[in-house]
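Engineer: Shown below is the structure under consideration.
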Amino acid sequence: MAVNMESSLGPLRLRHPVINASGTFDVLAADRVLAADLFTDFPFAAYVPKTVTLKPREGNPPHRLYETAAGLLNSIGLANKGIEAFIADDLPRLGRLPVPLIASIAAEETNGYGRCAGLLDGRDEVAALELNISCPNVELDGKALGCDPFLTASATAQARAATGKFLIVKLTPNVTDILVLARAAVEAGADCLSVINTVHGMALDPWTLRPALGHVTGGLSGPAIKPVALRAVYLISRELDVPVIGMGGVTSANDVLEFLAAGATAVAVGTACFRDPLLAVSLVQELEHQMELRDIATPGELVGRAH
Ligand SMILES: Cc1cc2nc3c(=O)[nH]c(=O)nc-3n(C[C@H](O)[C@H](O)[C@H](O)COP(=O)(O)O)c2cc1C
-4 MAVNMESSLG PLRLRHPVIN ASGTFDVLAA DRVLAADLFT DFPFAAYVPK
46 TVTLKPREGN PPHRLYETAA GLLNSIGLAN KGIEAFIADD LPRLGRLPVP
96 LIASIAAEET NGYGRCAGLL DGRDEVAALE LNISCPNVEL DGKALGCDPF
146 LTASATAQAR AATGKFLIVK LTPNVTDILV LARAAVEAGA DCLSVINTVH
196 GMALDPWTLR PALGHVTGGL SGPAIKPVAL RAVYLISREL DVPVIGMGGV
246 TSANDVLEFL AAGATAVAVG TACFRDPLLA VSLVQELEHQ MELRDIATPG
296 ELVGRAH
């Protein structure tokens, strides 16, 4: 049976349903070190760069990464060059990628989301915007505004007012009821939800028994969080009528099948890219093979099968 891997995410046409997760694949750096020509043959069906903020951010003190039994703890702290340098230096080059570009933005105050969205609204290189609402927020004493439904709605509404582009809101799992936050984002104008960002965690250095990360706590990603992510995708896609991008611990074609069945329309690979930046190539081939074996003609046929 012939499989057609094409997928769509709102107005975005994707060659297949696998994209990258923000902050885990730097195409401009990878293009310098990998033998592959990423600007001709890009492994993902869309590209999401690392989150940028209005002002440059230094990020957190080292150590910023710590490997755990089944995952990775990070406390990068959204280190980035700021949106103006992103627009001037990176955007023209990222615009040459053969796939849709989803710019990821964050701000330390809710109105910063509107300003960032407004700065990117007129840029043809950008197909969609993703709001990372896990940034430390001044209105919430440094906690992520994504933990608060009112601030989530306010940031989303301000971005919505500033752009007509496809608007994705990326949810944090570090809340009591993720559905409340999902509803707040959709009611405020989100077209799509990314589910999930990292899970709060910490690790101690086994010898000094002091915190392993310079920032003490961090965000857990990788296979350890897959069940948390699958549950969130399942609950949200069952209740809300917007496409969901599923992510959290994807390392294999089977993981992609599960996220699609749980209700995701597209699936992102994050931490697994650190071990193999070109993993998506073999993963998509295996996904196609698995679909053939199961007589599934399109990824769309799988979406929500678990419901
Ligand atoms: C080192 C690192 C940096 C990350 N940076 C960002 C970021 O800048 N913006 C964002 O929205 N998510 C960021 N994330 C979260 C990922 O995009 C993803 O939501 C999360 O890691 C779960 O997917 P995974 O288990 O496949 O990594 C980062 C994750 C890691 C491990």
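Numbering (my numbering), first residue to last: -4 to 302.
Quick reminder that beta carbons are idealized off the backbone N, C-alpha and C, glycines included.
1. Below 8 Å on the Cβ atoms is my guess for THR46 versus SER2; work out the distance and round it to an integer in Å.
2. Taking 7 Å as the line, does the beta carbon of THR63 fall inside it for any heavy atom of ligand 1?
3. Could you have a look at SER247 and say whether DSSP puts it in helix, strand or coil?
4. Report the CB separation of LEU308 from PRO294 in whole angstroms; it is logged as a contact under 8 Å.
5. Could you tell me whether the region 204 to 212 touches the region 21 to 41, where touching means 3 or more Cβ pairs closer than 8 Å?
6. To the nearest angstrom, report how far apart MET197 and THR19 are at their CA atoms.
7. Using a Cβ-Cβ cutoff of less than 6 Å, which residues in the same chain neighbour ALA185 once the five nearest sequence positions on both sides are dropped?
8. Run the CB neighbour count on THR179, radius 10 Å, all protein chains shown included, and call it buried at 16 or more, exposed below.
9. So HIS284 is in the alpha helix (DSSP H); what residue range does that whole segment cover?
10. Please determine if the region 107 to 115 and the region 61 to 73 are in contact, where contact requires at least 3 C-beta pairs separated by less than 8 Å.
11. Confirm the yes/no value for this check: CB of THR46, any heavy atom of ligand 1, distance under 7 Å.
12. Which of helix, strand or coil does DSSP assign to THR260?
13. Pick out whichever of ILE71, LYS221, LYS50, GLY244 has its Cα sitting closest to the Cα of PRO57.
14. Should the region 86 to 101 be regarded as contacting the region 241 to 252, the criterion being three or more beta carbon pairs within less than 8 Å?
15. Would you check if the distance between the CB atom of GLY265 and the CB atom of SER216 is smaller than 8 Å?
16. Per DSSP, what are the beta-bridge partners of VAL190 in this structure?
17. Name, in chain order, the residues that DSSP records as bridge partners for ARG52.
18. Quick one: residues in its chain with C-beta nearer than 7 Å to the C-beta of ALA379, no 5 flanking neighbours on either side, listed in chain order?
19. Enumerated in chain order, which unbroken segments of the alpha helix (DSSP H) with a length of 4 residues or greater are wholly contained in the region 103 to 131?
20. Is SER99 near ligand 1 - that is, is its Cβ less than 7 Å away from at least one heavy atom of it?
21. Do CYS130 and VAL170 have their beta-carbon atoms positioned less than 8 Å apart in this structure?
22. Going by alpha carbons, who is nearest to THR77 out of ASN69, LEU67, ASP84, PRO51?
23. Could you give the first and the last residue of the continuous alpha helix (DSSP H) run that contains ALA24?
24. Using alpha carbons as the reference points, say which of ALA122, PHE269, PHE145, PRO272 lies closest to THR318.
25. Assuming ALA101 contacts LEU73 (C-beta within less than 8 Å), just tell me the rounded distance between them.
26. For the candidate residues GLY66, TYR42, MET(-4), ASP21, whose alpha-carbon lies nearest to that of HIS11?
27. Considering only DSSP beta bridges, list what ASP97 is partnered with.
28. Distance check for ASN127 and ASN55, CA to CA, integer angstroms please.
29. Assign MET(-4) to one of two classes, buried (16 or more other C-beta atoms within 10 Å of its C-beta) or exposed (fewer than that).
30. Cβ atoms of LEU86 and ARG110: under 8 Å apart, would you say?
31. How would you call VAL133, buried or exposed, if buried means at least 16 neighbouring beta carbons within 10 angstroms?
32. Among residues of its own chain, excluding the 5 on either side of PHE145, which ones have a beta-carbon nearer than 8 Å to its beta-carbon?
Structural biologist: Taking the structure as given:
1. Counting from one through the sequence shown, the residue named residue 46 turns up at place 51. Counting from one through the sequence shown, the residue named residue 2 turns up at place 7. So it is not a contact: roughly 24 Å between Cβ atoms.
2. The residue given as residue 63 occupies position 68 in the sequence shown. No, ligand 1 has no heavy atom inside 7 Å of this Cβ.
3. Residue 247 sits at position 252 when you count from the first residue of the sequence shown. If DSSP states are grouped into helix, strand and coil, SER247 belongs with coil.
4. No statement about residue 308 is possible, as the shown extent of the chain runs from -4 to 302 and does not include it.
5. Verdict: no, contact absent.
6. For the purposes of this step, residue 197 is taken as the residue at position 202 of the sequence shown. For the purposes of this step, residue 19 is taken as the residue at position 24 of the sequence shown. Using only the alpha carbons, I get a separation of about 20 Å.
7. One-based indexing of the sequence shown puts residue 185 at position 190. Cβ neighbours of ALA185 beyond the five flanking positions: THR151, LEU162, VAL164.
8. The count along the sequence shown starts at 1 and reaches residue 179 at position 184. For the sequence presented, residue 179 should be read as Ala rather than Thr. Buried: at least 16 other Cβ atoms inside 10 Å.
9. As a position in the sequence shown, residue 284 is number 289, starting the count at 1. Here the alpha helix (DSSP H) through HIS284 covers 274 to 288.
10. Short answer: they don't touch.
11. Here residue 46 corresponds to residue number 51 of the sequence shown, with the count starting at 1. Flag set: Cβ of THR46 near ligand 1.
12. The residue given as residue 260 occupies position 265 in the sequence shown. If DSSP states are grouped into helix, strand and coil, THR260 belongs with coil.
13. Numbered from its first residue, the sequence shown carries residue 57 at position 62. When only C-alpha atoms are compared, the closest one is ILE71.
14. no
15. The sequence position of residue 265 within the sequence shown is 270, counting from 1. The sequence position of residue 216 within the sequence shown is 221, counting from 1. In this structure, SER216 lies closer than 8 Å to GLY265 by Cβ.
16. Numbered from 1 along the sequence shown, position 195 holds the residue referred to as residue 190. VAL190 is bridged to LEU166, GLY241.
17. Taking the sequence shown and counting its residues from 1, the one referred to as residue 52 is at position 57. DSSP output for ARG52 lists ASN75 as bridge partner(s).
18. The chain is shown only over -4 to 302; residue 379 falls outside these bounds and no answer can be derived.
19. 105 to 116, all fully within the region 103 to 131.
20. Taking the sequence shown and counting its residues from 1, the one referred to as residue 99 is at position 104. The answer is yes for SER99.
21. On the sequence shown, position 175 is the one that residue 170 refers to. On the sequence shown, position 135 is the one that residue 130 refers to. Not a contact, by the Cβ cut-off of 8 Å.
22. One-based indexing of the sequence shown puts residue 77 at position 82. As written in the sequence, residue 77 is Gly, which differs from the Thr given in the question. Checking every option, the nearest Cα to that of GLY77 belongs to PRO51.
23. In the sequence shown, residue 24 corresponds to position 29, counting from 1. 22 to 28 is the span of the alpha helix (DSSP H), which, as asked, contains ALA24.
24. Examination of residue 318 is not possible in this model, given that the chain is present from -4 through 302 alone.
25. Walking along the sequence shown from the start, residue 101 turns up at place 106. Walking along the sequence shown from the start, residue 73 turns up at place 78. 6 Å between Cβ atoms; contact.
26. On the sequence shown, residue 11 is found 16 positions in, with the first residue counted as 1. For HIS11, the nearest C-alpha among the options comes from TYR42.
27. Along the sequence shown, read from residue 1 onward, the residue named residue 97 stands at position 102. The residue you asked about is not Asp; residue 97 is Ile in the sequence shown. ILE97 pairs with ALA123.
28. What you label residue 55 is simply residue 60 of the sequence shown in a count that begins at 1. What you label residue 127 is simply residue 132 of the sequence shown in a count that begins at 1. The alpha-carbon atoms of ASN55 and ASN127 are separated by roughly 17 Å.
29. Here residue -4 refers to the residue found at position 1 when the sequence shown is read from its first residue. MET(-4) is exposed by the Cβ-count criterion.
30. As a working mapping, residue 110 is identified with position 115 in the sequence shown. As a working mapping, residue 86 is identified with position 91 in the sequence shown. Not closer than 8 Å, so no.
31. Reading the sequence shown from its first residue, position 138 is the one you call residue 133. It counts as exposed.
32. One-based indexing of the sequence shown puts residue 145 at position 150. ALA179, listed in sequence order.
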